[in-house]
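Numbering (the numbering used here), first residue to last: 101 to 564.
Glycine included, C-beta positions come from ideal geometry on N, C-alpha and C.
Quick caveat, the model's predicted, so the values are computed rather than measured.
Right, one structure below, let's go through it.
Here you go:
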């Protein structure tokens with residue numbers, strides 16, 4: 101079955117065998133006085149042919165520490181140093197923004213940053229909105245250090261053509277696609293087996309399961325933080341309205357939330373809030389989010405939106421007897437339709453103020469080398485590089501097969517806009533109010549009005 105990976109205004113073509121080719125995150129940086137966006141040169145900067153032409157050059161790498169751990173980044177940095185002779189300094193932290201933002205405000209920028217969009221502090225989004233990123237388009241034409249292949253030959257087609265990597269819609273890549281993960285609803289398959297409950301394929305079936313579970317004291321839903329509603333909402337928009345509605349919503353088209361599809365999205369989220377474990381809002385923050393994930397492991401909630409990193413993140417956690425990870429797409433809007441799964445894609449980028457631009461680009465190119473891919477794959481960090489899903493086993497094999505089992509796949513982010521006028525983030529306007537919906541402190545009507553008002557403001561301040 102043809103799989104649809106959706107970017108802003110673009111349908112991506114999937115590999116026939118397996119989708120080849122998805123953690124979430126920051127104190128905002130002080131913008132330089134001038135616009136420092138770096139344009140690609142006519143002649144791409146090539147990494148050293150003999151592997152040692154970076155001898156003695158310095159490079160500072162900053163990477164968010166996620167469920168994959170920090171050791172994997174040290175191993176990759178060591179491999180790059182061995183290949184090129186560069187002196188690499190690595191900074192990792194679970195709250196990376198709090199470490200590097202004060203340094204950047206003082207003028208000390210990392211050369212390469214691995215930090216995805218969608219985190220609570222929005223540091224990467226800030227760099228996008230203020231155009232503080234180096235253009236990486238020329239990196240695609242670079243030869244991978246230690247290999248003969250070009251970067252563009254290694255990355256699966258389409259992953260450098262999405263709004264996640266090309267935020268300005270100008271055909272230029274500013275964020276390098278890194279680990280990707282099919283996102284969906286994660287659950288305890290052992291619980292469903294034990295209870296004899298059928299996995300819902302439509303929202304009507306989902307609500308019926310919610311009533312059945314409620315009778316046994318189990319809630320239908322929880323979520324780690326409202327930040328996880330981005331992947332959930334992307335998939336919901338796609339499953340409800342298809343690619344046309346999805347594209348228009350990502351671009352904040354006027355009147356989009358007054359359409360039948362827009363109204364249905366609101367209705368589903370509002371109803372789901374009434375089936376959500378009431379413990380969720382108080383724990384839905386970057387410090388306590390694992391407590392909400394634990395609700396699923398303890399059979400206090402059935403489903404939660406998440407990505408494939410959840411297995412490693414909760415590997416040491418206690419769990420109910422007969423617990424088995426399960427993952428499914430969001431249900432179809434109507435019987436006979438397809439469910440949908442968002443493809444979460446992490447990003448690496450180079451600050452425009454980074455001091456060692458050439459070495460930084462060589463490092464980004466090296467991230468797609470066979471050596472780096474092998475190191476990352478050992479901890480389950482799968483990159484959009486051809487062949488990376490061929491040897492998956494266990495849970496990962498099941499997770500990454502979601503698109504082969506009939507789910508539509510969506511990719512892309514809400515369009516970037518200028519927030520210098522004090523506009524909220526998409527998360528603040530669209531998703532954070534869900535905590536209030538669950539707690540009963542925010543009305544559905546005020547949430548919808550807020551989304552519509554923010555959409556108008558975002559559209560009026562689009563960057564591009």
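Per DSSP, the beta bridge partners of residue 428 are 285. According to DSSP, residue 160 shares a beta bridge with 189.
Excluding residues up to 5 positions away in sequence, 217 lie with their Cβ nearer than 6 Å to the Cβ of residue 225 in the same chain.
For residue 276 against residue 449, the beta-carbon gap comes to about 7 Å, under 8 Å, which counts as contact. For residue 172, DSSP assigns no beta-bridge partner whatsoever. Taking each of 535, 499 and 341 in turn and checking the Cα distance to residue 280, the smallest one comes out for 499.
Of the residues 560, 551 and 371, the one whose Cα lies closest to the Cα of residue 540 is 371. In the assembly as shown, residue 171 is an exposed residue. Its beta-carbon has fewer than 16 other beta-carbons within 10 Å.
Of the residues assessed, residue 532 falls on the buried side of the cut-off, its CB having 16 or more other CB atoms within 10 angstroms. Taking all protein chains in view, the Cβ of residue 205 is surrounded by fewer than 16 other Cβ atoms within 10 Å, so the residue is classified as exposed. Residue 322 sits buried, since 16 or more C-beta atoms from the chains shown fall within 10 Å of its C-beta. As computed with DSSP, residue 443 is found in a beta bridge with 282. Residue 403 sits in a strand when the DSSP states are folded into three classes. Approximately 17 Å separates the beta-carbon atoms of residue 426 and residue 319; this is outside 8 Å, ruling out the contact. With respect to residue 267, residue 329 sits apart: the two C-beta atoms are not nearer than 8 Å.
When the alpha-carbon of residue 434 is set against those of 464, 326, 359 and 302, the nearest one is in 302.
Counting C-beta pairs with one atom in each stretch, the segment 237 to 254 and the segment 451 to 469 have three or more that are closer than 8 Å, which means they touch.
Bounds of the beta strand (DSSP E) holding residue 510 are 508 to 510. A check of alpha carbon separations from residue 274 across 230, 309 and 290 identifies 230 as the nearest. Taking the Cα positions, residue 464 is about 29 Å away from residue 414.
A straight line joining the alpha-carbon of residue 394 with that of residue 315 spans about 21 Å. Note on geometry: alpha-carbon atoms of residue 475 and residue 183 lie some 15 Å from one another. With a threshold of 16 other beta carbon atoms within 10 Å, residue 202 falls short and is exposed.
Around residue 265, the same chain offers 273, 275 and 277 as residues with beta carbons nearer than 6 Å, after the five sequence neighbours per side are excluded.
In this structure, residue 294 and residue 422 form a Cβ contact; the two beta carbons are roughly 6 Å apart against a cut-off of 8 Å. According to DSSP, residue pairing for residue 448 in a beta bridge involves 214 and 276. Within the same chain, Cβ atoms closer than 6 Å to the Cβ of residue 352 are found at 555, 558 and 559, the five residues on either side in sequence being excluded. In the three-state scheme derived from DSSP, where H, G and I count as helix and E and B as strand, residue 492 is classed as coil. Three or more Cβ pairs closer than 8 Å define a contact, and the segment 184 to 193 meets that threshold against the segment 154 to 170. Around the beta-carbon of residue 392, 16 or more other beta-carbon atoms lie within 10 Å, marking it buried. Residue burial annotation: residue 211 is buried, with at least 16 other C-beta atoms found within 10 angstroms of its C-beta.
Looking at 546, 514, 561 and 285, the one whose alpha-carbon comes closest to that of residue 521 is 561.
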